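> Let me begin by handing over the structure; questions about it come next.
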Amino acid sequence: MSTTLLTHGRIVDPSRRMDTIGAVLIEDDKIVGAGPDGLNQGAPEGATIIDCRGHVIAPGLVDGRVFIGEPGFEHRETIRSASEAAAAGGVTSLVMMPDTSPVMDQPSLVEYVLRTARATSLVRIHPAAAVTRGLGGSEMTEFGLLREAGAVAFTDGRHTLDNPVVLRRAMSYARDFDALIAMETQDNALAANGVMNEGKLATLMGLPGIPREAELIPLQRDLALAALTGARYHAAKISCVMSADAIRRAKDNGHRVTAGVSINHLSLNENDVQGYRTFYRLSPPLRDELERHAMANALADGTIDIVVSSHDPQDVDTKRLPFDEAAPGAIGLETLLAALLRRVHDGTLPLMRAIEVVTSAPASLFGLPYGTLRPGAKADIAIIDLDAPWEVSDKDLRSHSRNSCFENARMSGRVLRTMVSGETVFELND
Amino acid sequence: MVVGTHSLSSRHLLGIRNLSELDIQFLLDKADKAVEVSRRPDKKTSALRGRTQINLFFEASTRTQASFELAGKRLGADVMNMSVASSSVKKGETLIDTAMTLNAMRPDILVIRHGSSGAAELLAQKVECAVVNAGDGQHEHPTQALLDALTIRRHKGSLQNLTVAICGDVLHSRVARSNIFLLGKMGARVRLVGPSTLMPSGIEEFGVEVFNRMEDGLRDADVVMMLRLQRERMAGGFVPSVREYFRFFGLDADKLALAKDDAIVMHPGPMNRGVEIASLMADAPQSVIEEQVEMGVAVRMAVLELLAGPSHNEAGGV
């Protein structure tokens, strides 16, 4: 039996509303104690002692929206490289999107991903299966069999379902399995060929814009169908205050609805697009500063439930292009926590809430027994220096792709060590 | 062709937005002199002798390409035209790969036309020589705005306090954007006239007045600048039909009568006669459309000389 004692750290465990100086005792792969009690009890004989004085001990992060290139686009990202990036960012569990090639719409694909993850991944990989076959938007996948195979949620990834009849049936059927349907909402016709937020800046830059209504209209339809069917519905990535209001109303009406926001939409605004830098081409597009601010507020007040990296590796072939020809998406596993801590440092988000939205909240949403330091849980842990200054350098990124919105950004707060099942999978060597 | 000395803040001409009033004034003065050169029997100068100019056109444009070619040749540059079919391969790959290849050939100036906004800026980051934006997507077309300004100035003496009505498909027009920036900087009042479906979002914040009726927008205008309506826009549902568009937004004698008596009529070409402009108006005495073409060569001579001229060659690092 191996024993590890993390001592004198500031334990922040939102699953127990705990924020205290204390110790975490790990035996083999499990937490056996985490709290102030362990402080003066000494270490069990033979235990490895890690002094966490001045640092935060938090549950390992659970990232609810990650695109990985494997299978099909391994040159962008493999499960192994994504897991290295995740570990460096304190992420111990991630929900993998089905936008692979072939699409994750068959139990065998889910099993393949889980098998590959067992063989190569440093962190836990939880596949989300497609809602419709081939992400084609017309034919429902086998929710029951896919769940049995290990799918934790159903989503058409980057795709919005155009057909409300298909979505209604999918939601009704999903409810029977208590399966979560997580959708991005962007009306394809209204977004048309848009590539950035519609408004003055888009006009100035000569780029076609996407109005906020392109997000709101399908979202309202989805929320109405969620109410109709009683399904568990998750708006995967919202970007504007109108969407937050719609989510708030649905929640107030008692519907089983949740929402996520990407760290990019919490951190950046449309002004970052100036200079036509394609790393800032995202879907939904970066909105204006008022909307960004509203997202932070909606996160703080609980309207938005989780923050995701929306890690989306793209290579030079898809990014080194004129802005309107480039693929949307940015990597983010390694910078998720550091960027989120900016909101803590600027006072818009309490630390407890910041940790919650990337640990216990997503774990609960996807039905995962992680994101907690509760005794008995797997020892998935992130040790964090809240104030460590560092600069994001593309040469240090572990992802196969380099399309980071935070390239060269200065951060305060960094993961020092990441543990999965009690094993250290990342340790900062600076 | 020397008009004092002045250098732009950038070694490229990517848009009007980053030019100062002084930059514009200087370029227009320089272009004025180039008009004289172009009207001489011997039109050739040696200002760019030994320099290499490459015109890189990813979008077909006979007029603009010819204008740049002529301008370069009149200055004595070695001019090479490259038309890259946009459908052949993925455009972006072509753009950057071609740019890098051309850069290795050590040109002094690259003139680029591309269907994507920001393409000229992207290319400018990749090459070492000066880059002139000859139109990128729906973004900017700076030499068109400069030639329009030169044409107006030669007719009206100054741009200050003039009322310029820019009419038609503003949404898709890089010409309109560059003109809005330039005319605003030079003290003209800009009106945009057209259906709401062809007005970009937030355009009111650019210091312009927006009108949806020609009758209102043209009243007492000094300059009526018509924009080309691209035929494919009709099918896209921006306007219901050509006859409807012409009836309400096409320039005819009745509508022009609302402008000042000495108003001039402009069009960047090529024109859709009977769509945005009646044939009679295109050929009327108020029309300065052909003169715009002449001014285009002069403006491009001024720009090329300023960016690729002797004082810039060595510093350009090519």
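Protein sequences, first through last, are from chains P and L. FYI, full-length UniProt numbering numbers position 76 of the first sequence as 76, with every residue one higher than the one before it. FYI, full-length UniProt numbering numbers position 110 of the second sequence as 110, with every residue one higher than the one before it. Every residue, glycine too, gets a C-beta built ideally from N, C-alpha and C. As the structure is a prediction and not an experimental result, all values here were calculated from the model.
List the residues of chain P whose Cβ lies closer than 8 Å to the Cβ of residue 139 of chain L, in chain order.
Correct list: 205, 206 and 207.
> Does the beta-carbon distance from residue 58 of chain P to residue 384 of chain P come in below 9 Å?
It is a contact, given that the beta carbons lie within the stated cut-off.
> Could you name the residues of the same chain whose beta carbon sits closer than 7 Å to that of residue 163 of chain L, not counting the 5 residues immediately before and after it, in chain order?
So the list reads 189, 191, 220, 221 and 222, once near-sequence residues are dropped.
> Cβ closer than 7 Å: which chain L residues qualify as neighbours of residue 276 of chain P?
Correct list: 118, 121 and 122.
> Can the beta-carbon of residue 235 of chain P be found less than 9 Å from the beta-carbon of residue 222 of chain P?
Yes, the pair counts as a contact, with Cβ atoms nearer than the cut-off.
> Spell out whether any CB of chain P is found under 9 Å from the CB atom of residue 57 of chain L.
Answer no: the Cβ-Cβ gap between residue 57 of chain L and chain P never drops below 9 Å.
> For a cutoff of 9 Å on Cβ pairs, would you count residue 279 of chain P as touching chain L?
No, no contact with chain L.
> Less than 9 Å between the beta carbons of residue 357 of chain P and residue 305 of chain P, yes or no?
Yes.
> Have a look at P/74, P/30, P/23 and P/70 and flag the residue whose alpha-carbon is nearest the alpha-carbon of residue 49 of chain P.
Answer by Cα proximity: P/23.
> Tell me whether residue 65 of chain P sits in a helix, a strand or coil according to DSSP, three-state version.
Residue state, collapsed to three classes: strand.
> Indicate whether at least one CB of chain P lies closer than 9 Å to the CB of residue 114 of chain L.
For residue 114 of chain L, the answer is yes, since a Cβ of chain P falls inside 9 Å of its Cβ.
> For residue 234 of chain P, which beta-bridge partners are listed by DSSP?
DSSP, once it has assigned bridges, lists P/182 and P/258 as partnering residue 234 of chain P.
> What's the gap between the Cα of residue 173 of chain L and the Cα of residue 138 of chain L?
In a straight line, the C-alpha of residue 173 of chain L is about 6 Å away from that of residue 138 of chain L.
> Of all Cβ atoms in chain P, is any one closer than 9 Å to the Cβ of residue 207 of chain L?
Not closer than 9 Å to any Cβ of chain P, the Cβ of residue 207 of chain L fails to qualify, so no.
> Quick one: Cα of residue 131 of chain L to Cα of residue 404 of chain P, how far?
One C-alpha to the other measures close to 28 Å.
> Is there a Cβ from chain L that is less than 9 Å from the Cβ of residue 198 of chain P?
Yes, its Cβ sits closer than 9 Å to a Cβ of chain L.
> May I ask you to list, following chain order, the residues of the region 308-334 of chain P that have a beta carbon less than 7 Å from some beta carbon of chain L?
Answer set for the region 308-334 of chain P: 320, 321, 322, 323, 324 and 325.
> If the cut is a Cβ gap below 7 Å, which residues of chain L does residue 191 of chain P touch?
Neighbours of residue 191 of chain P on chain L: none; closest Cβ ~13 Å, over 7 Å.
> Verify the CB distance criterion: does residue 201 of chain P have a CB-CB separation below 9 Å to chain L?
Interface residue, yes.
> I'd like to check one pair, residue 112 of chain L with residue 81 of chain L: are the Cβ atoms closer than 9 Å?
In this structure, residue 112 of chain L does not lie closer than 9 Å to residue 81 of chain L by Cβ.
> Could one say the Cβ of residue 88 of chain L lies closer than 9 Å to chain P's Cβ atoms, at least one of them?
With a pLDDT of only 47 at residue 88 of chain L, under 50, the local geometry of the prediction cannot be trusted, and no value is derived from it.
> Apply the 10 Å Cβ neighbour rule to residue 62 of chain L and answer buried if 16 or more other Cβ atoms are within range, or exposed otherwise.
That one is exposed.
> For the alpha helix (DSSP H) that residue 246 of chain L lies in, which residues bound it at each end?
Segment 242-249, the alpha helix (DSSP H) holding residue 246 of chain L.
> Quick one: is residue 211 of chain P near chain L, going by C-beta distance under 9 Å?
With 9 Å as the cut-off, residue 211 of chain P counts as an interface residue toward chain L.
> DSSP three-state call for residue 55 of chain L: helix, strand or coil?
Three-state DSSP puts residue 55 of chain L in a strand.
> Apply the 10 Å Cβ neighbour rule to residue 78 of chain P and answer buried if 16 or more other Cβ atoms are within range, or exposed otherwise.
Classification of residue 78 of chain P: buried, given that the 10 Å Cβ count is 16 or more.
> Tell me which residue opens and which closes the beta strand (DSSP E) that residue 155 of chain L is part of.
Careful: residue 155 of chain L lies outside any beta strand (DSSP E), inside the alpha helix (DSSP H) at 142-156.
> Are the CB atoms of residue 227 of chain L and residue 276 of chain L within a distance shorter than 9 Å?
Yes.
> Thinking just about the alpha-carbon of each residue, which of P/249, P/131 and P/314 is nearest to the one in residue 74 of chain P?
Cα-wise, what sits closest to residue 74 of chain P is P/314.
> List, in order along the chain, the chain P residues whose C-beta lies closer than 9 Å to that of residue 203 of chain L?
Near residue 203 of chain L (Cβ distances below 9 Å), the residues of chain P are 200 and 203.
> With DSSP as the reference, label residue 7 of chain L as helix, strand or coil.
Looking at residue 7 of chain L - three-state DSSP - the assignment turns out to be coil, as it is neither helix nor strand.
> Quick one: does residue 17 of chain L have its CB under 9 Å from some CB of chain P?
True, the Cβ-Cβ gap to chain P drops below 9 Å.
> Excluding the 5 residues flanking residue 208 of chain L on each side, which residues of the same chain have their C-beta closer than 7 Å to its C-beta?
Excluding positions up to five away in sequence, the list reads 180, 190, 191 and 192.
> Could you check what DSSP says for residue 421 of chain P in three-state terms: helix, strand or coil?
Reduced to three states, the DSSP call for residue 421 of chain P is coil.
> Who are the near neighbours of residue 291 of chain P in its chain, counting only those whose CB is closer than 7 Å to its CB and skipping five residues on each side?
So the qualifying residues of the chain are 239, 240 and 241.
> If you compare alpha carbons, which of P/36, P/336, P/60 and P/27 is closest to residue 44 of chain P?
Among P/36, P/336, P/60 and P/27, the Cα nearest to that of residue 44 of chain P is on P/27.
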